[in-house]
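Trainee:
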Amino acid sequence: MIPHFHRIQTAISAIVFCPVNESLGGPLPLSSPHSRLHQPIPPPLDIYTQKADNALVICLRGVSMGGGDHLLFGAFRVYSISDAIARFHKLNGSNVIHPIGWDAFGLPAENAAIEHNVPPDKWTSSNINTMKKQLLQLGLGFNWDREFSTCSEHYYKWTQYIFLKLYEKGLVYQNKSLVNWDPVDQTVLADEQVDSFGCSWRSGAKVQRRILTQWFIKTSKFAKQLYDGLNDPILENWKDIKNLQEHWIGDCNGITVTFDLIPKNSASLDKMDIWSSEPYKFIYGQFIAISKHSILAQNESQDNNLNRELPFRALNPVNDSDLPIYITDDIEYPEGRDVYIACPSMCANDAQIAKKLNISFSYQINEININEANKQAINVAITKNVGGYLVSSKLKDWLISRQRYWGTPIPIIHCNTCGIVPVPYSDLPVVLPNSKGIGTMLDIMEEWVTCLCPNCNSQAKRETDTMDTFVDSSWYYYRFLDAKNDTFPFDRNKLGNGVTPVNMYLGGKEHAVLHLYYARFMSHFLYSLGWTLHPEPFKKLLVQGMVMGQSYRVKSTGKYVPVSDVDKIGDNYVLKSNGDLIETQWEKMSKSKYNGENPERLLADFGCDTTRLFMLSDVPPPTSRHWSDATVTLSEARPQRAAAGQHAVALTQLMEKPFTRVKTREITKIAIGIECETTGAHPRRRNRAARRADGRVAGASRRDGRPWLNCRRATYTARHPTHSYTRGARHYGTRLEGTLPRSNTLN
Numbered sequence: 001m002i003p004h005f006h007r008i009q010t011a012i013s014a015i016v017f018c019p020v021n022e023s024l025g026g027p028l029p030l031s032s033p034h035s036r037l038h039q040p041i042p043p044p045l046d047i048y049t050q051k052a053d054n055a056l057v058i059c060l061r062g063v064s065m066g067g068g069d070h071l072l073f074g075a076f077r078v079y080s081i082s083d084a085i086a087r088f089h090k091l092n093g094s095n096v097i098h099p100i101g102w103d104a105f106g107l108p109a110e111n112a113a114i115e116h117n118v119p120p121d122k123w124t125s126s127n128i129n130t131m132k133k134q135l136l137q138l139g140l141g142f143n144w145d146r147e148f149s150t151c152s153e154h155y156y157k158w159t160q161y162i163f164l165k166l167y168e169k170g171l172v173y174q175n176k177s178l179v180n181w182d183p184v185d186q187t188v189l190a191d192e193q194v195d196s197f198g199c200s201w202r203s204g205a206k207v208q209r210r211i212l213t214q215w216f217i218k219t220s221k222f223a224k225q226l227y228d229g230l231n232d233p234i235l236e237n238w239k240d241i242k243n244l245q246e247h248w249i250g251d252c253n254g255i256t257v258t259f260d261l262i263p264k265n266s267a268s269l270d271k272m273d274i275w276s277s278e279p280y281k282f283i284y285g286q287f288i289a290i291s292k293h294s295i296l297a298q299n300e301s302q303d304n305n306l307n308r309e310l311p312f313r314a315l316n317p318v319n320d321s322d323l324p325i326y327i328t329d330d331i332e333y334p335e336g337r338d339v340y341i342a343c344p345s346m347c348a349n350d351a352q353i354a355k356k357l358n359i360s361f362s363y364q365i366n367e368i369n370i371n372e373a374n375k376q377a378i379n380v381a382i383t384k385n386v387g388g389y390l391v392s393s394k395l396k397d398w399l400i401s402r403q404r405y406w407g408t409p410i411p412i413i414h415c416n417t418c419g420i421v422p423v424p425y426s427d428l429p430v431v432l433p434n435s436k437g438i439g440t441m442l443d444i445m446e447e448w449v450t451c452l453c454p455n456c457n458s459q460a461k462r463e464t465d466t467m468d469t470f471v472d473s474s475w476y477y478y479r480f481l482d483a484k485n486d487t488f489p490f491d492r493n494k495l496g497n498g499v500t501p502v503n504m505y506l507g508g509k510e511h512a513v514l515h516l517y518y519a520r521f522m523s524h525f526l527y528s529l530g531w532t533l534h535p536e537p538f539k540k541l542l543v544q545g546m547v548m549g550q551s552y553r554v555k556s557t558g559k560y561v562p563v564s565d566v567d568k569i570g571d572n573y574v575l576k577s578n579g580d581l582i583e584t585q586w587e588k589m590s591k592s593k594y595n596g597e598n599p600e601r602l603l604a605d606f607g608c609d610t611t612r613l614f615m616l617s618d619v620p621p622p623t624s625r626h627w628s629d630a631t632v633t634l635s636e637a638r639p640q641r642a643a644a645g646q647h648a649v650a651l652t653q654l655m656e657k658p659f660t661r662v663k664t665r666e667i668t669k670i671a672i673g674i675e676c677e678t679t680g681a682h683p684r685r686r687n688r689a690a691r692r693a694d695g696r697v698a699g700a701s702r703r704d705g706r707p708w709l710n711c712r713r714a715t716y717t718a719r720h721p722t723h724s725y726t727r728g729a730r731h732y733g734t735r736l737e738g739t740l741p742r743s744n745t746l747n
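In structure tokens:
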């Protein structure tokens, strides 16, 4: 809802955090040192001490540590946007939580630490201090009292706690599997982390396929809930993400059942998952077919000799029969699968396949109620905990094992007598040991690995894989609401009064089937435990566009080169060294493409206000932002125009004539434009209208640079250009507002 007119003055003041009481003077240069002052951490603000009936939570994905020692440039934009939105709603009367956290585990930080010959914990701690300083220099108003890092044992204790809850409910299992191996980062990747070209989403290396024993979370059990939940009316602005997740999850029109292999396959696999859109086949199925591309067939093929039986069988847990396995490509396998269960006695297509394979069978004489048989197969599979939940053929469970040191330890003990034993809750956290050397992995830290079995007290070994970092970030949005709780992950009583589902989530579309998918799964799981009030974690999405830099690439070779190696001759760019023609284009900022930016340079050259203002101006948040020094300097002109009008108003307290040039509807348009950033509704049309209205307000205040009769109305009207155009320029806006009587600020 657009605020009432009498509240618009406060609502549009989204850029102001604290007043600057300086003597009146001319407009302050936007890039002056005043806009680069180090900002102290603001005092704690807890919404539970205020009215909570209109609470708003601005929730961000934890700051990604990356491999460098400064903030990724794209983070500047997302935090500039979130800060403007947070200030707008705060001054519009809402209680706002604007949290900050550090997604500190993972491969980029560990690899960078190895490269710099520094232990990962020290490298990460130093980076956090540097990035925190940069965020403060940007003037961002976070709730620093809610700050945490995922690599702190005080946080990952509760990640391990949730893991054990998943294990208790049968949603965590270990299995040998054909996995995606990243040869550069030397670790396993989940299917979601491999792009459409078969490359790692992180390193870009071509992924290899290996058989390893891994830990999985059974996300497939919640597939139908996650698919249907995308139509929950509480979700707003999920259109693009909804389409991506629907495609990823797929139509849940079948079930998966896990079969044991007898004897073990020569590839050392002991289980296989079989999906079918016809569950009755798990009762009446007579054989199993696999593709020649299946891992089960790799060591069994004989010069591509197909249409033959393999020397092992599959134990059907639904009817306790063992079925023969044939290798053949005469079947159209389900999407994403290379195995098929056939029932030739009841299915004509399966009968044709059986004849090609010379499998004898007899047609079913007695009439079978297919619907009842489907229900029976599903119930038996669920009862035996071997599957049975509705899922698409292409969705796989979440592989969370990582063969690296810098991650949350998996709280599992391996005992020769008892088998797999979960660590008791009372023994959490399982603390990551100090690194014994650069690049050291957990499996060679004997003192840490060797332990006692909590069941039989005999010697045992700890699990040496660590968790995928997306497990850490899959539940952090609840921890933000209760960050100091040392007895439970979070208090359910602090999730009410409109706080959850999280009112606003900002993030990139690249995490549609990564962070957003895992966060939705975890939220549905925690809801099933009764820990939360709603299955969905986020209500409203604002998917910001990427910050793009201009890249330069040699046309003949495709090699990227830095701009310092390029000359412009006429309309063409050429390589300085030999005159080769250069192609230019706007691409996502990347170190490998030499088109990135160091935020430290921008803060030094332009100041944080110009940088933030440029991030917010001209293009709506969902649109990509093209960055260049030339276009940045244009951002300084707007607030200088507004400042001229502001200064004129502040020269006197006695006004001779009313300020009537600007009508109230212009001010309302400005408020609509700002609020539009939080809803995503018609951003181009609404924001253009707001900018045009703002220009008329600023122009009128410049033209009427003389005393007016109605001081309150003049002050009210002249304040709006500053608040609208410089709502992202915190320090400069604060200085301008300090020249006006009766200024409203966050304090």
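Following the UniProt record's numbering, the numbering of the sequence shown begins with 1 at its first residue and continues without gaps. Ideal Cβ positions, reconstructed from N, Cα and C, are used throughout, including at glycine.
I'd like the span of the beta strand (DSSP E) that includes G101, first residue to last.
Mentor: Looking at the DSSP string, the run of the beta strand (DSSP E) that includes G101 is 101-103.
Trainee: Taking C-alpha atoms, which residue in F259, S551, E463, C199 lies nearest to A314?
Mentor: When only C-alpha atoms are compared, the closest one is F259.
Trainee: Can the beta-carbon of C453 be found closer than 8 Å to that of V421?
Mentor: Yes, these two residues count as a Cβ contact at 8 Å.
Trainee: Please return the same chain residues whose Cβ sits closer than 6 Å to the Cβ of V78, not counting the five positions on each side in sequence.
Mentor: The residues are L506, Q544.
Trainee: Is the region 77-91 close to the region 136-146, with three or more CB pairs under 8 Å?
Mentor: Touching, yes, given that three or more Cβ pairs across the two stretches are closer than 8 Å.
Trainee: Taking the alpha-carbon positions, what's the S196 to A190 distance?
Mentor: Cα to Cα, the separation comes out at about 13 Å.
Trainee: Residue range of the beta strand (DSSP E) that D273 falls in?
Mentor: It spans 271-276 - the beta strand (DSSP E) in which D273 sits, taken as one unbroken run.
Trainee: Just reading off the beta strand (DSSP E) that S551 is part of, what are its end residues?
Mentor: 547-554 is the span of the beta strand (DSSP E), which, as asked, contains S551.
Trainee: Per DSSP, E309 forms a beta bridge with which residues?
Mentor: Looking at the DSSP assignment, E309 forms a beta bridge with Y326.
Trainee: With H, G and I counted as helix, E and B as strand and the rest as coil, what does DSSP make of S577?
Mentor: Residue state, collapsed to three classes: coil.
Trainee: With DSSP as the reference, please indicate the residues paired to H626 in a beta bridge.
Mentor: Paired residues: M548.
Trainee: Can you check the region 454-511 for any beta strand (DSSP E) of at least 3 residues that lies completely inside it and give the ranges in chain order?
Mentor: Those beta strand (DSSP E) runs which fall completely within the region 454-511 and span 3+ residues are 459-462, 502-507.
Trainee: For the pair the region 371-384 and the region 232-246, tell me if three or more CB-CB distances fall below 8 Å.
Mentor: Counting Cβ pairs under 8 Å, fewer than three are found: no touch.
Trainee: Which residue comes first and which comes last in the beta strand (DSSP E) that contains D565?
Mentor: First-last for D565: undefined, no H or E at that position.
Trainee: Would you mind stating whether I325 and L310 have Cβ atoms separated by less than 8 Å?
Mentor: Contact: yes.
Trainee: If you count every other CB in all the chains shown that lies within 10 Å of the CB of L654, and 16 or more means buried, which is it?
Mentor: At L654 the pLDDT is 33, less than 50, meaning the model places this residue with poor confidence; the figure from the coordinates comes in the next sentence. L654 comes out exposed.
Trainee: Starting from Y340, follow its DSSP beta bridges and name the residues at the other end.
Mentor: Answer is A289, bridged to Y340.
Trainee: For C151, does the count of other Cβ atoms within 10 angstroms reach 16, so buried, or fall short, so exposed?
Mentor: Per the 10 Å Cβ criterion, buried.
Trainee: Any contact of the region 383-399 with the region 326-336, i.e. 3+ C-beta pairs under 8 Å?
Mentor: The region 383-399 is in contact with the region 326-336.
Trainee: At a cut of 8 Å, does the region 576-583 reach the region 268-287 through at least three beta carbon pairs?
Mentor: Segments in contact, no.
Trainee: If V188 and L226 are in contact, beta carbons under 8 Å, what's the gap, nearest whole angstrom?
Mentor: Actually they do not touch by this definition, with Cβ atoms about 23 Å apart.
Trainee: In three-state DSSP terms, what is R209?
Mentor: The answer is strand: DSSP assigns R209 an E or B state.
Trainee: According to DSSP, is N180 part of a helix, a strand, or is it coil?
Mentor: If DSSP states are grouped into helix, strand and coil, N180 belongs with the strands.
Trainee: Give the DSSP bridge partners of N175, in chain order.
Mentor: Partner(s): Q214.
Trainee: Taking the alpha-carbon of S435 as reference, which of M445, K176, E510, G101 has the nearest alpha-carbon?
Mentor: Checking every option, the nearest Cα to that of S435 belongs to M445.
Trainee: With a CB to CB cut of under 7 Å and the five nearest residues on each side skipped, what residues in its chain are close to V554?
Mentor: The answer, listed in chain order, is V561, L575, D580, I582.
Trainee: Give me whichever residues DSSP pairs with I569 in a beta bridge.
Mentor: According to DSSP, I569 bridges with N572.
Trainee: Would you check if the distance between the CB atom of E587 and the CB atom of F73 is smaller than 8 Å?
Mentor: No, they are not a contact pair.
Trainee: Quick one: any contact between the region 531-542 and the region 108-127, if contact means 3 or more CB pairs under 8 Å?
Mentor: In short, these stretches do not touch, since the Cβ pair count stays below three.
Trainee: Using a Cβ-Cβ cut-off of 7 Å (strictly less than) and excluding sequence neighbours within five positions of D182, which residues of its own chain qualify?
Mentor: Within the same chain, D182 has close Cβ partners L189, S200, S203, A205, V207.
Trainee: Quick check on the DSSP output: the alpha helix (DSSP H) that includes Y527 runs from which residue to which?
Mentor: That run of the alpha helix (DSSP H) goes 515-528.
Trainee: Below 8 Å on the Cβ atoms is my contact criterion, and I expect Y167 with P429 to pass it. Report the Cβ-Cβ distance as a whole number of Å.
Mentor: The Cβ separation is near 16 Å, so there is no contact.
Trainee: Quick one: Cα of N175 to Cα of T557, how far?
Mentor: In a straight line, the C-alpha of N175 is about 45 Å away from that of T557.
Trainee: From the DSSP output, in three-state form, read off C80 for me.
Mentor: According to the sequence shown, residue 80 is Ser rather than Cys. Of the three classes helix, strand and coil, the one that applies to S80 here is helix, per DSSP.
Trainee: Considering only the alpha carbon of each residue, which of P621, R601, K593, M589 lies closest to W627?
Mentor: Comparing Cα positions, the closest option is M589.
Trainee: Quick check: the region 522-539 against the region 492-508, are at least 3 beta-carbon pairs closer than 8 Å?
Mentor: Flag = yes, the region 492-508 and the region 522-539 touch.
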